[in-house]
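Protein chains in written order, with the working numbering: chain L, 1 to 396; chain A, 397 to 565.
Let me begin by presenting the structure, written as structure tokens, before commenting on it.
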Amino acid sequence: MDFISEHAVLVVSLIKIAVLLFVVMTALAYLTWFERKVVARIQSRWGPYYVGAHGLLQPLADGLKFLFKEDVTPPASDRLVYTLAPFLALSLALTTLALIPFGPPDIQVFGQPVFVVADSSIGLLFLFAITSMGVYGVALAGWSSNSKYPLLGGLRSSAQMVSYEVSLTLSVVGVLLLAGSFSFNGIIEHQGGNILHWHVWPQIVGFLCYITAAIAETNRVPFDLPEAETELVAGFHTEYSSFKFAMFFMAEYANMITVSCLATILFFGGWLSPFPDSWTWQLFLPGVGLIALGLYCLYDTVKEMRGIAQLQFAVVTLLCFAGGAICLIPRVMPIAQGPFWFVTKVGLFIFFYVWIRGTLPRFRYDQLMSFGWKLLLPVSLANLVGTALVILLVKR
Amino acid sequence: MSLPIILFFVCAALAVAGAIALIVAREPIHSALSLILVMVTLAVLYLLLGAEFIAAVQVIVYAGAVMVLFVFVIMLLNASAEVRTNWSKMAMYVGVPLGIFLLLEIAYWVWRSSVGPNVANGATAATGAFSTRALSMELFKHYLFPFEVTSILILIAILGALVLAKRSE
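Laid out in structure tokens, this is it:
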């Protein structure tokens with residue numbers, strides 16, 4: 001007990017890290033399911049269907065498959081770097097999530113905020129510091145495979161990520177000027193009030209630059225040149241198999257989550273509700289929303305599901321109802337608010353990502369470069385100068 | 397032993413190990429990776445001193461930007477393993493003694509100064525927000541002119557590189 005009281009920060013942080021890792025890993029697994037389902041719907045298909053009700057056990061099956069597949073290391077590869085690259089990619093992608101506040105800082109246990117692992121006063125800079133290292137995972141994977149397609153993929157990705165990182169950082173500075181703070185909670189609290197106070201309205205240009213650069217940074221369609229399968233087989237991870245491949249996969253999804261979280265925090269008020277505080281009925285929203293989802297699942301269970309799938313979906317229904325009931329307990333209601341809005345907004349961004357993937361074709365490499373340097377960079381620079389000018393004029 | 401001291405020794409050891417590996421490694425990429433390790437562990441040491449901003453900038457600029465270009469160039473040129481040469485006489489009889497002398501000198505001055513013991517005691521006064529704000533105030537008010545001159549210097553360097561690259565055509 002002495003140890004716990006003495007190192008409260010350490011103990012609480014370790015617990016938070018464990019919980020966050022569990023939640024994020026589950027979310028990563030189900031993101032693959034979500035993406036396949038949404039893309040399938042866009043292309044008029046069913047997507048994963050047979051493993052579990054609505055294919056809900058597909059991520060589990062895929063994970064097991066990755067674990068038990070043979071792990072091939074090309075004999076001509078640089079073994080050390082080849083092994084290091086996927087670990088680097090995944091661990092850096094997951095580390096950034098430690099800085100993200102999922103709820104307000106005033107909900108505390110042992111004097112430690114519950115919803116963030118590391119509440120830094122310059123959180124945004126640290127996040128950029130960690131994501132700026134993210135390119136190594138891809139670049140080193142491409143180089144160490146010692147084969148031409150991965151090398152091309154690695155080269156493309158380093159050039160692309162260096163180019164778009166400049167625009168990404170510049171597009172965010174406008175928000176920093178408005179909020180006057182590097183800390184995530186400071187930026188969020190500056191947007192307090194209602195939906196009209198969010199930074200996305202004054203910084204609409206910055207937001208568009210940010211989301212474009214962010215998609216390029218995470219190597220997603222239409223900027224997925226490093227793994228363009230029609231040109232480079234599978235790009236930087238051509239030689240990777242088994243769980244090392246799965247780690248790159250998870251890193252990509254973790255980066256998507258991070259980038260969506262950052263967009264939510266910087267432009268869409270983070271864990272703040274879009275409604276003014278005086279509308280007290282919004283306290284019921286998380287619980288009522290979950291119960292409505294449960295009712296839909298109940299209808300589906302009774303009407304559509306048969307056999308073992310019916311049983312599985314009944315469990316999902318029960319989980320929805322239980323979650324909704326917990327969110328309606330008066331003591332829990334205010335606590336559930338922050339995470340509810342945060343997760344909803346992040347979910348919308350992820351949907352946007354998948355939507356883009358299902359809709360847009362890939363850029364050509366020279367288009368990508370000229371777009372990044374000749375359009376995106378000047379626009380984000382102009383946005384920065386314009387914002388600074390307006391702030392200067394208004395404050396005078 | 398408190399946590400910051402443990403962290404200090406771990407990171408210091410890693411930084412020294414990385415620096416040695418940087419010189420010893422024969423593959424250019426391994427050297428570059430070792431250099432990245434040195435820079436990141438140095439950033440952790442800055443953090444321990446309470447210099448959050450410097451730590452973040454260290455990682456963003458050196459580990460994140462400069463070294464990415466290093467790695468990019470090494471990959472682009474597909475530089476192969478270095479060839480070992482025999483030690484030159486010069487390095488043996490002049491370099492080694494001078495190196496040892498330099499190390500001793502640094503050790504002596506660190507030992508003499510009051511800074512040395514305090515380094516391991518972890519964060520002292522400045523909290524992040526304060527130090528970042530104070531730093532930018534100093535930089536953009538007091539040192540504005542040198543700051544801007546530096547940026548022009550960098551611009552000249554970029555132009556110079558462009559001229560050199562274009563001349564061959």
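Beta carbons: idealized from backbone N, C-alpha and C, even for Gly.
Of all alpha-carbon atoms in A/G556, A/A428, A/V440, the one lying nearest the alpha-carbon of A/I401 is that of A/V440. Counting along the chain, L/T359 sits inside the alpha helix (DSSP H) bounded by residues 333-359.
Nearest to L/T96 by alpha-carbon distance, out of L/A254, L/P330, L/L392, L/G270, is L/A254. Only those residues of the segment 469-480 of chain A whose C-beta falls short of 9 angstroms from the nearest C-beta of chain L are listed: I470, M471, L472, N474.
Counting along the chain, the unbroken alpha helix (DSSP H) around L/A8 starts and ends at 8-42. Going by C-alpha positions, L/L225 is about 30 angstroms away from A/L560. A/V479 is not bridged by DSSP to any residue.
For A/E544, no chain L residue has a Cβ inside 8 angstroms of its Cβ, as the nearest lies near 16 angstroms away.
DSSP places L/P113 within a strand segment (E or B) once states are collapsed to three.
Scanning L/P74, L/W271, L/Q108, L/A382 for the CA closest to the CA of L/V9 turns up L/Q108. Contact of A/T528 with chain L by beta-carbon distance below 9 angstroms involves S121, I122, L125, F182. L/S380 and L/S167 have their alpha carbons spaced roughly 6 angstroms apart.
Excluding five sequence positions before and after L/I100, the CB atoms of its chain that fall closer than 6 angstroms to its own CB belong to C261, given in chain order. Taken through DSSP and simplified to helix, strand or coil, L/Q310 comes out as helix. Counting only residues of its own chain and dropping the five nearest sequence neighbours on each side, L/G206 has a CB closer than 6 angstroms to the CB of S171, G174, N383.
For L/N219, the number of other beta carbons within 10 angstroms of its own is at least 16, and it is reported as buried. Taking 9 angstroms as the cut-off between beta carbons, the residues of the segment 141-163 of chain L near chain A are G142, W143, S144, L151, G154, L155, S158, A159, M161, V162, in sequence order. Here A/Q454 carries a helix assignment [DSSP, helix/strand/coil]. Between the alpha carbons of L/F236 and L/T83 lies a gap of roughly 14 angstroms. Within 7 angstroms of the CB of L/V135, the CB atoms of chain A belong to V464, in sequence order along the chain. Residue range 242-267 is occupied by the alpha helix (DSSP H) that includes L/F248. Here A/L465 is exposed. Its C-beta has fewer than 16 other C-beta atoms within 10 Å. Against chain L, the beta carbon of A/F449 has neighbours under 9 angstroms at I122, L125, F182, listed in chain order. Secondary structure at L/Q108: strand, using DSSP grouped into helix, strand and coil. For L/R36, same chain residues with a beta-carbon under 6 angstroms away, outside a window of 5 residues either side, are G47, P48 in chain order. Contact between A/T528 and L/I122 holds, with the beta-carbon distance rounding to 6 angstroms and staying under 8 angstroms. Annotated as proximal: L/F313 and L/A53, with beta-carbon spacing under 7 angstroms. For chain A, none of the residues of the segment 235-268 of chain L brings a beta carbon within less than 9 angstroms of one of its beta carbons. At a cut-off of 7 angstroms between C-beta atoms, L/S132 counts as an interface residue with respect to chain A. Under the DSSP assignment, A/E501 falls in the alpha helix (DSSP H) whose first and last residues are 492-508. With respect to A/I425, A/I470 sits close: the two C-beta atoms are nearer than 7 angstroms. Residues of chain A whose Cβ lies closer than 7 angstroms to the Cβ of L/F128 are, in chain order, I456. Its Cα nearest to that of L/V135, the residue L/L88 stands out among L/G186, L/P286, L/S147, L/L88. Chain A places no beta carbon closer than 7 angstroms to that of L/A93, leaving this residue out of the contacts. At least 7 angstroms separates the CB of A/A428 from every CB of chain L. Those residues of the segment 412-440 of chain A placed with their C-beta closer than 9 angstroms to a C-beta in chain L are E423, I425, H426, L429, I432, V436, A439, ordered along the chain.
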